[in-house]
Amino acid sequence: MRLKNSYIRLWFALVLLVIGVPLAKAQEQDSVQVLTLQEYHRLILQYHPVASQAALLTEQARQELRIARGAFDPTVSSKLYRKEYNGKEYYNLWSNTLRIPTWFGPELVAGFDKNSGLYLSTENVLPPEGLSYAGISVPLGQGLFIDERRATIRQAKLMQGIAEAERVKLINKLLLDATKDYWEWLQQYRTAQLYQEAMELTGVRLQAVKARVQEGDLAAIDTVEALVALQDRELLLQQALLALQNARLEVAVHLWAEDQVPLELQEGTIPALLGAEVNPVTEEELAELLAAARINHPDLLKLGLKGEQLEVERRYAANKLLPKLNAEYNVLQRDFYLHPEVMEQDYLQGNYKLGLSFSVPLFLRQERGKLQLTKAKLQANNMELVQQSREIEYAVLAAYNELQALEEQLELQQRLVANALALRQGEQIRFESGESSLFLINAREVKLLEAQAKLYALRAKYAKAKTTLFWAAGEIPVE
Numbered sequence: 335m336r337l338k339n340s341y342i343r344l345w346f347a348l349v350l351l352v353i354g355v356p357l358a359k360a361q362e363q364d365s366v367q368v369l370t371l372q373e374y375h376r377l378i379l380q381y382h383p384v385a386s387q388a389a390l391l392t393e394q395a396r397q398e399l400r401i402a403r404g405a406f407d408p409t410v411s412s413k414l415y416r417k418e419y420n421g422k423e424y425y426n427l428w429s430n431t432l433r434i435p436t437w438f439g440p441e442l443v444a445g446f447d448k449n450s451g452l453y454l455s456t457e458n459v460l461p462p463e464g465l466s467y468a469g470i471s472v473p474l475g476q477g478l479f480i481d482e483r484r485a486t487i488r489q490a491k492l493m494q495g496i497a498e499a500e501r502v503k504l505i506n507k508l509l510l511d512a513t514k515d516y517w518e519w520l521q522q523y524r525t526a527q528l529y530q531e532a533m534e535l536t537g538v539r540l541q542a543v544k545a546r547v548q549e550g551d552l553a554a555i556d557t558v559e560a561l562v563a564l565q566d567r568e569l570l571l572q573q574a575l576l577a578l579q580n581a582r583l584e585v586a587v588h589l590w591a592e593d594q595v596p597l598e599l600q601e602g603t604i605p606a607l608l609g610a611e612v613n614p615v616t617e618e619e620l621a622e623l624l625a626a627a628r629i630n631h632p633d634l635l636k637l638g639l640k641g642e643q644l645e646v647e648r649r650y651a652a653n654k655l656l657p658k659l660n661a662e663y664n665v666l667q668r669d670f671y672l673h674p675e676v677m678e679q680d681y682l683q684g685n686y687k688l689g690l691s692f693s694v695p696l697f698l699r700q701e702r703g704k705l706q707l708t709k710a711k712l713q714a715n716n717m718e719l720v721q722q723s724r725e726i727e728y729a730v731l732a733a734y735n736e737l738q739a740l741e742e743q744l745e746l747q748q749r750l751v752a753n754a755l756a757l758r759q760g761e762q763i764r765f766e767s768g769e770s771s772l773f774l775i776n777a778r779e780v781k782l783l784e785a786q787a788k789l790y791a792l793r794a795k796y797a798k799a800k801t802t803l804f805w806a807a808g809e810i811p812v813e
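Numbering (our numbering), first residue to last: 335 to 813.
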């Protein structure tokens, strides 16, 4: 009767090993906290310093645009000059000007001058109540279609898109590293669980073997064989627990709370056991990924927007080849207040101040050099865009090929596990009928454990490869 009970206990232990999750472990799952990949991503995007730094890129670009728009702010200037010598008032010169730049080039100008004194120059003699003016300054050559202010603001607007692309790139890299660490954590957790179960079941076998030795059914040396197997499982478990602890630390590095407070994984926190299953990417989905990468990949977006910036710079450099020809017209009137007759034609033709200015460098070496340099930069950027497009396409295809290869390897490994399980079960039946030995059973179980551990490693590698595929295409999906 005792011998029969020993067989029953040994068989029950082997059934538990086949199932892979002991009942005790299933009960423990009720007391643990599962950190899903979605929750993991949410915490990273919400509080990680790199994610916060990436968000600041958008804010920096917004402020750069604000700075560029400052070039179009109206300006008010006022100048007062006074000279008095030997008790005589030589002159008082008071000049006030308002300039309002426009988005299409010309400037609106208004001002008020009031001068007095005994020794005023002829051009500074004004009516006692002062003289006001209003008019426009128009660039007719250089600066007519584009100038430094308009070029700067267009480049600043494009910079917002570049900052957004850089933000996506930083987030993608962060999610790639963090997600790979998560899958590594899951692999080490499953491996440690596997060896923990194997060690417990080997302990059950050791007790069963001792009982059979006492009854004279087995030789005493089989007890040593069972004990060696138990010690081997303990060693494997210690190594797996160390790898699990290090994997937990790698995952915890990515977890932060508000105000850049680092978080640690609680002892009872485990990864979600689902998520690394094989889910093949079809050729149609691959084509969609490639099409999306050509349009939305952050590296390509950055190069495209940089090319637009260089095109603005090229237009501005070409405009600098034109001569500077500026015309300014101001209508004049006494004092500061607007009088109705100012708008009459006779008044406009008889009370005005007109100015023309012209200048051009004789050799234009600086301007021509700047234009050719910008053209060279633009050409280099276009070539880099072509090369980067090709590299991204190849990276996506390479990741897809690796994913397909891993799918085949997983299928083979699953069959290998099934075969190793069948061999172990067959060896168990032979052992119970007296045709095998405990050494052969342990050897079969070692092969089974190695196959199961490799299966977990391949599943983690598959999950990492799929993450790499989406990263290569330009954006890691986050639910």
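Each residue gets a CB set at the ideal place from its N, CA and C atoms; glycine is no exception.
Remember, predicted model here, so these are calculated numbers, not experimental data.
Please report how far the alpha carbon of Ala752 lies from the alpha carbon of Leu528, in whole angstroms. Their backbone Cα atoms lie some 16 Å apart in a straight line.
Can you find the residues in the same chain that come closer than 8 Å, C-beta to C-beta, to Leu555, ignoring five residues on each side of it along the sequence? Note that residue 555 is Ile in the sequence shown here, rather than Leu. Cβ neighbours of Ile555 beyond the five flanking positions: none.
Secondary structure, alpha helix (DSSP H): runs of 4+ residues fully inside the region 584 to 634: 617 to 630
Boundaries of the beta strand (DSSP E) in which Ser466 is found, first to last residue: 465 to 473
Quick check on DSSP: helix, strand or coil for Val459? coil
Going straight from the alpha carbon of Ser450 to that of Ala651, what length do you get? 46 Å
Quick check on the DSSP output: the alpha helix (DSSP H) that includes Gly404 runs from which residue to which? Unbroken run through Gly404: none, as it is neither H nor E.
Report buried or exposed for Glu804, applying the criterion of at least 16 other Cβ atoms within 10 angstroms of its Cβ. In the sequence as presented, Glu is not what sits at residue 804; that position holds Phe. So Phe804 ends up on the buried side.
From this set, Tyr790, Ala797, Ala542, which residue's C-alpha is nearest Arg524's C-alpha? Tyr790
Cβ-based neighbour list, His382, same chain, cut-off 6 Å, excluding 5 preceding and 5 following: Trp590
Could you tell me the distance, in whole angstroms, from the CA atom of Thr557 to the CA atom of Asp566? The alpha-carbon of Thr557 is positioned some 14 Å away from that of Asp566.
When you compare the CB positions of Gln810 and Leu509, do they come within less than 7 Å of one another, or not? The sequence as given places Ile at residue 810; Gln does not occur at that position. The Cβ atoms of Ile810 and Leu509 sit closer than 7 Å to each other.
Determine whether the beta carbon atoms of Lys658 and Gly475 lie at a separation below 7 Å. yes
Pick out the complete alpha helix (DSSP H) segments inside the region 676 to 712, 4 residues or longer, and give them in chain order. 679 to 684
Quick one: what's got a C-beta closer than 7 Å to Val355's C-beta in the same chain, skipping five residues either side? Unreliable placement is indicated for Val355, whose pLDDT of 40 sits below 50; the coordinate value is still reported in the next sentence. Closer than 7 Å at Cβ, skipping near neighbours: no residue.
Under 8 Å by Cβ, that's how I've got Val812 and Pro632 pegged, so tell me the actual separation to the nearest angstrom. Not a contact, Cβ separation roughly 15 Å.
In angstroms, rounded to a whole number, what distance separates the CA positions of Gln530 and Leu571? Spanning the two alpha carbons is a distance of roughly 6 Å.
Compute the Euclidean distance between the alpha carbons of Leu755 and Glu779, then round it to the nearest angstrom. 8 Å
Give the list of continuous beta strand (DSSP E) stretches no shorter than 3 residues that lie fully inside the region 534 to 576. Correct list: empty.
Using only the alpha-carbon positions, how far apart do Arg546 and Arg539 sit? 10 Å
How far does the alpha helix (DSSP H) with Tyr796 in it reach, from first residue to last? Bounds of the alpha helix (DSSP H) holding Tyr796 are 772 to 807.
Pull the bridge partners of Asn863 from the DSSP assignment, please. Residue coverage of the chain in this structure runs from 335 to 813, which leaves residue 863 outside it and unanswerable.
If you reduce the DSSP assignment to three classes, tell me which class Lys636 lands in. helix
Out of Pro473, Leu737, Val730, which one is the CA nearest neighbour of Glu622? When each option's Cα is compared against that of Glu622, the closest is Val730.
Select from Ala733, Arg396, Leu460 the residue whose C-alpha is nearest the C-alpha of Thr801. Ala733
Rounded to the nearest angstrom, what separates Asn580 and Gln748 at their Cα positions? 27 Å
Does the contact criterion of 3 or more C-beta pairs under 8 Å hold for the region 416 to 425 versus the region 434 to 443? no
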